[in-house]
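Enquirer:
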DNA sequence: GTCTATAGGGCGATAGAC
DNA sequence: GTCTATCGCCCTATAGAC
C-alpha cells in the first residue's frame, strides 16, 4: 500500500459530480471537491487545468473517435456521409460509456451553468474541427468539409437533446438515425 | 464639460483591443485596460460583466437582428431558407459595423485565446437558439428548426472565415451567398 | 471605493516506486 | 540514483460583496 489512497483522480471526479448536483457549480469551490476526495486543492488543479474541466474528461478523446471513424471509411464515401458516420461513432462511444440517466444528470448541470455550457461548446467545436480536418485530408474542399462537419454537429446536438430528454428514445444511435433522416429532408 | 472625460466605455473598448493585440489577452489585466482608459478597475467591471466581455459587446444584439429578419419573412418561406436569411441579416449588420481589417484583427485575437473562443462559441450558440425559437414560432418542428439553424450557423462560420482570411472576398454578404450555394450542393 | 473569497500558477520539500 | 505524485506555502488577478 502506497503513501496515499489510490485513484485520487477518480475520487475527485465522483466528488465533483456529487457536489455540483447537491449544491450547484457556483456554490462549490475547488477546495470543497478536493476536501471530499481527501486531497488538497493544489492537487485538484494539477489533475484538471481548471474547475470546469473535471466534468469534461473521459477515458477516450472524442476527437480521436471521430477521426478514426472517418479513416475507416472507403474513399468513395461523400463528405456529409463521412461526417455523419463520425458523429454516429461518437454517439456509440458516449452511449456505451454512460447510462442515459448519468448523461441526463450531467447535462442538466451543464445546462444550468453558463460557464459549463461554454466549455461544452468548446469541446463540440473541437470535434467539429477534427471532423473538418479529416474530411480535408480525404480531399474535400475546406468549405465543403466545414459545412458537412457543421451539419453533422447539428445532428449530434439534436440527437443528444432527444436522448437525454424526459420522454426520450433510450437508444442514442437511433436518435442519430432519426435526426439524420430529418436533415436529409431539410433542403 | 463634465467631471469626467466622456465615452469611458468607448475608451475601454479601444484600450482593450490595443492591449490584447500588443501583449496578448492573458498578459493583460483588467487593471491595465482601465489604466489606459483613464478609469479605475472597478469601473471596468461595472461596464463589463467579465474581462472577456469587452470584446463581445456591440451596438445591437445579433440575436435580435436574426429574430427580426425571420419575422419579416412570409409564412411560406421554408425553415432552412428562413434560417439562412437570418444569418445573412447578421452578416450585413457586422459587415456594416466593422471594416474587414477590424474584424480580422479581432478574430485573430479571439482565435489565439481559448477563453475568448469559448465566449465566441456561446454567442454563436445564442444566435442559433434565437433562430431555432423563431422557426419553432413559425410552426417548424423542434428538430427541423434546430437542424436548419445549425446548418445556417455553419454557413455563417464558413463565410466569416473566408471574409476575414488573408485573400478573402471583401464583401461579407457575397461570402454568405457562396457558402449557401455550397451547402445546397452538399446533400 | 474598499474588502474579501476564489481561481489558478510557481516552486521546493517529501515519500514512495522503480 | 531517477521519476512521479502529493503537499504546503506564497503569489496575483478576477470578480463579487459590502
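Chains as they are written, first to last, in our numbering: chain A, 40 to 226; chain B, 40 to 226.
In this text, a Cβ means the ideal position worked out from N, Cα and C, and glycines have one as well.
#1: DSSP three-state call for residue 66 of chain B: helix, strand or coil?
#2: Just checking, does the region 158-176 of chain B make contact with the region 158-176 of chain A on the three C-beta pairs under 8 Å criterion?
#3: Under the three-state reduction of DSSP, which class applies to residue 41 of chain A: helix, strand or coil?
#4: List, in order along the chain, the chain A residues whose C-beta lies closer than 8 Å to that of residue 156 of chain B?
#5: Assign residue 43 of chain B to one of two classes, buried (16 or more other C-beta atoms within 10 Å of its C-beta) or exposed (fewer than that).
#6: By how many angstroms is the C-alpha of residue 89 of chain A removed from the C-alpha of residue 69 of chain A?
#7: If you reduce the DSSP assignment to three classes, tell me which class residue 58 of chain B lands in.
#8: Since residue 203 of chain A contacts residue 127 of chain A with CB under 8 Å, what's their CB separation in whole angstroms?
#9: Secondary structure at residue 201 of chain B, three-state DSSP: helix, strand or coil?
#10: Quick one: what's got a C-beta closer than 6 Å to residue 106 of chain A's C-beta in the same chain, skipping five residues either side?
#11: At least one CB of chain B closer than 8 Å to the CB of residue 70 of chain A: is that the case?
#12: For residue 175 of chain A, name the three-state secondary structure that DSSP assigns.
#13: Please list the residues of the region 201-226 of chain A that have a C-beta atom closer than 9 Å to any C-beta atom in chain B, keeping them in chain order.
#14: What's the call for residue 190 of chain B, buried or exposed, on a 16-neighbour Cβ count within 10 Å?
#15: Please list the residues of the region 167-184 of chain B that have a C-beta atom closer than 7 Å to any C-beta atom in chain A, keeping them in chain order.
#16: Could you tell me which chain B residues have their CB closer than 8 Å to the CB of residue 196 of chain A, listed as they occur along the chain?
Expert: The structure says:
#1: coil
#2: yes
#3: coil
#4: 161, 164
#5: exposed
#6: 9 Å
#7: helix
#8: With 8 Å as the limit, residue 203 of chain A and residue 127 of chain A do not qualify as a contact, their Cβ atoms being about 17 Å apart.
#9: helix
#10: 169, 173
#11: no
#12: helix
#13: 201, 217, 218, 221, 222, 223, 224, 225, 226
#14: buried
#15: 182, 183
#16: 185, 189
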